[in-house]
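Written below as structure tokens is the structure these notes are about.
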Amino acid sequence: MSESLFSGLKVIDCGSYIAAPAATTIFADLGADVVKIEPPGAGDPYRQLPRIPGNPVSEHDYAWLLDSHSKRGLALDLDSPNGQEVLHRLVADADVFVTNYPLRVRGKLHIDYETLSALNDRLVYGSFTGYGETGPEVAKPGFDATSYWARSGMMDQVRNSPEATPARAVIGQGDHPSAMTLYAGLVTALFQRERTGTGTQVSSSLLANGLWANSYLATAALCHAEFIPRPRRENLFNALSCHYQAADGKWLLLTILNEDRYWPVLARCVGRADLLTDERFATQSDRLRNAHALILTLDEVFDRHERAHWERVLGENNIVFDIVATPADIPHDQQVHANGLAVSFPEDERVSTVAVPFRLANVRTVPPRLPPSIGQHTDEVLAELGYDAERTAALRAAGTVA
């Protein structure tokens, strides 16, 4: 194994909530020195998200563990000139700066690209917004539920039927894919810097990522395609690409595309070889024409056993399917652990988090460190910037740092 890929790379996380900070977490997992900037006092409001009613209840701040682990914490009041001076010193030899603060706020705090790039022409500046940096809605606030899911058309299309209410988004479900896009842009900019010697600004938004995630249907719309309303499950066009509920109330999903090969296998492994001689289901065209009847028939079949039975039987017969897992299934998923997709914290093995979703051969990720408390590394970071103990104490007394 080589040393950490980004050892020596200095990254500043000056964002809030999820998408922008999560991009810097990937850098941290690959060895970069990431400094998380938070306001003194309550810190990043993302720390409080799991306490909102309706979220999973835990003694651990799992949101903060996920997106702020392996970072150093600096509590800094960016509203004050002294706080801005500290940040500007930090930026002077940084490699990457990331923020998702509103554009007007960046100018007020003097953390906009023009200001910071003038201090360090090698700086790669990551800018993340809800709706982009131009246009009539440039100042509109947004979260992934609104800018990513609702605006992109996905929230409409993933509902169970046309008459159903729009589907509800899962927290962070748009933010984390967006973070990966921002990370890709930042790494691309670092590659450009290797060639040109100068940094640049990388921009992305929740709206851009929502459209990219929904690009199949978005492109169809842009090409003036006619959209067919999605039917209810029992009226789907193809019974072999459908959800089925087992006897224990748990669900699984069939996705059989090669029907000529696997329709006979499915019929036999579910104990219904008689379906192969049923003229309603004899050919693929017959099965499509009689999909409603076949769905009702398979509903009865799958209701005879619990999901674990079908998971074993379908798996042994190479049927393309999967369980519709609940979050509670994830800690017990052997495939997740076999591939290192969840990692525990050496400092506290009671807690784990999701790992970076890619691997480079012979490049190791860093074992995760617990995320910082508010201002945990303030003195350490200030000392590296040349502040002596007396000056640091004065900043703390003035409320500039904590």
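Numbering (numbering that gives the first Met the number 0), first residue to last: 0 to 401.
The beta-carbon is built from N, C-alpha and C at its ideal position, and this holds for glycine as well.
Tell me, to the nearest whole angstrom, how far the beta carbon of Leu239 is from that of Glu225; I am working on the premise that it is less than 8 Å. That pair is no contact at about 25 Å.
Give me the Cα-Cα distance between Gly125 and Ala31, rounded to the nearest whole angstrom. 16 Å
Run of the beta strand (DSSP E) containing Asp347, from where it starts to where it stops: 347-353
Beta-ladder partner(s) of Trp250, from DSSP: Gln244
Restricting to Cα atoms, I'd like to know which of Leu251, Val104, Leu181, Leu275 is closest to Val97. Leu181
Might you give, ordered along the chain, the residues of its own chain that have their beta carbon closer than 8 Å to the beta carbon of Met0, omitting 5 neighbours on each side? Caution applies to Met0, whose pLDDT of 43 falls short of 50 and renders its modelled position unreliable; the model cannot decide the point.
Quick one: what's Tyr124 bridged to in DSSP? Phe96, Gln200
Less than 8 Å between the beta carbons of Ala93 and Leu122, yes or no? yes
Any idea what DSSP makes of Phe320, helix, strand or coil? strand
In terms of alpha-carbon separation, which member of Thr24, Leu77, Ser151, Val335 lies closest to Glu37? Leu77
Starting from Phe26, trace the alpha helix (DSSP H) in both directions and tell me its first and last residue. 18-28
Three or more C-beta pairs closer than 8 Å, one from the region 142-155 and one from the region 102-113: is that the case here? no
Please classify Val95 as buried or exposed, where buried requires at least 16 other C-beta atoms within 10 Å of its C-beta. buried
Beta-carbon separation (whole angstroms), Ser160 vs Pro263, contact threshold 8 Å: Not really, about 31 Å apart at Cβ, beyond 8 Å.
Within 8 Å, strictly: CB atoms of Tyr151 and Ala212: Before going further, note that residue 151 is Ser rather than Tyr in the sequence given. The answer is yes: Cβ separation under 8 Å.
For Arg71, does the three-state DSSP call read helix, strand or coil? strand
Going by CA-CA distance only, name the one from Ile318, Ile255, Glu193, Phe127 that's closest to Ser202. Phe127
Status (buried if at least 16 other CB within 10 Å, exposed otherwise) for Phe5: buried
First through last residue of the alpha helix (DSSP H) which encompasses Ile294: 290-301
If you draw a straight line from the C-alpha of Ser15 to the C-alpha of Pro49, how long is it? 15 Å
Considering Cα atoms alone, identify which of Val157, Val319, Thr352, Gly72 is closest to Pro326. Thr352
Reduced DSSP secondary structure (H/G/I, E/B, other) of Ile11: strand
Are Pro330 and His68 touching if we call contact CB-CB under 8 Å? no
Looking at the structure shown, is Ser214 part of a helix, part of a strand, or coil, going by DSSP? helix
Where does the unbroken beta strand (DSSP E) through Val264 begin, and where does it stop? Careful: Val264 lies outside any beta strand (DSSP E), inside the alpha helix (DSSP H) at 258-268.
Length of the line joining the Cα atoms of Asn119 and Ala91: 5 Å
Is the beta carbon of Lys70 less than 8 Å from the beta carbon of Lys35? yes
Please report how far the alpha carbon of Ala183 lies from the alpha carbon of Lys249, in whole angstroms. 37 Å
Since Leu359 sits in a beta bridge, which residues does DSSP pair it with? Val362
When you compare only the Cα positions, how much space is there between Arg267 and Leu252? 18 Å
Considering only the alpha carbon of each residue, which of Glu310, Asp60, Glu299 lies closest to Asp332? Glu310
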